[in-house]
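Trainee:
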Amino acid sequence: MAACMAIRNQDGLWGCGIPASRYHARMNAPDDNDSRHGVGRTEAEAAVRTLLKWAGEDPTREGLLDTPKRVVKAYGDWFSGYAIDPDEYLSRTFEEVGGYDEMIVLRDIEYESHCEHHMAPIIGKVHVGYLPNGRVVGISKLARVVDAYARRFQVQEKMTAQIANCIQRALMPAGVAVVVEGAHECMTTRGVHKRGVSMVTSSMLGVFREDARTRKEFLSFIEGGRR
1 MAACMAIRNQ DGLWGCGIPA SRYHARMNAP DDNDSRHGVG RTEAEAAVRT LLKWAGEDPT
61 REGLLDTPKR VVKAYGDWFS GYAIDPDEYL SRTFEEVGGY DEMIVLRDIE YESHCEHHMA
121 PIIGKVHVGY LPNGRVVGIS KLARVVDAYA RRFQVQEKMT AQIANCIQRA LMPAGVAVVV
181 EGAHECMTTR GVHKRGVSMV TSSMLGVFRE DARTRKEFLS FIEGGRR
């Protein structure tokens, strides 16, 4: 009797679905998007197999047969930000806001990134504020800007500045404030192995840099979410 794979259907139920041979063939079928940034999918999967060998594994054993394909697919998701121009998210603005000229703050935007030094995950939150100067943007667009920069290999300090500069460039507000919190697994799972440590970075532009009271108001807004 041919081996079969337990698969989950669209109703969330598990069962014995397709033969293992057909399952592996489907997993290894070429993708429509077979090349990214000049590197073919086959070449990328071969690189994963090389790393598995280097780690001491046998990439031909059953449990790892489809790992290279899965890893390459995951990389396509984790690093999708390279294919996105964050400025485009902020290209559509609203000027009829009833004369609103007070601070706008979006706090606790969750993000997932990877450090460029060890390719280890960085998980945290971003808090964004700006003081409009006649133009505002849909709040979901600010979250998309965060994702566009986070879904790349990053240094937290650089990502913080990139988010702030993008908003300043597109909206030309009186000021922009960005605070980023991040837990770096390159520090918690290797090296010094220090858990529970969070790195905090900030970028203050315009009135948020020049006016201590405006900066304090923004910080009080994001601190309020922790109470």
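Each residue of the sequence shown is one higher than the one before, starting from 1 at the first, in full-length UniProt numbering.
Heads up, the beta-carbon is just placed ideally off N, CA and C, and yes, glycines get one too.
1) Smallest Cα separation from Arg-135: which of Ala-170, Glu-57 and Met-119?
2) Taking just the CA atoms, how far does Leu-131 sit from Tyr-155?
3) Determine the contact status of Ile-167 and Leu-90, defining contact as a CB-CB distance below 8 Å.
4) For Asp-108, report the span of its beta strand (DSSP E) as first-last.
5) Have a look at Val-105 and Val-128 and give me their C-alpha separation to the nearest angstrom.
6) Expressed to the nearest angstrom, what Euclidean distance is found between the alpha-carbon atoms of Leu-205 and Thr-188?
7) To which residues of the same chain is Ala-120 closer than 8 Å at the C-beta, ignoring the five residues directly before and after it?
8) Quick test of your reading: Ser-202 and Val-179, contact by CB under 8 Å. State the CB separation rounded to the nearest angstrom.
9) Is Ile-122 buried or exposed, if buried means 16 or more other CB atoms sit within 10 Å of its CB?
Mentor: Considering the structure as presented:
1) Ala-170
2) Sequence check: residue 155 is Val here, not Tyr. C-alpha separation (whole angstroms): 26 Å.
3) yes
4) 104-115
5) 6 Å
6) 32 Å
7) His-114, His-184, Glu-185, Cys-186, Thr-189 and Arg-190
8) 5 Å
9) buried
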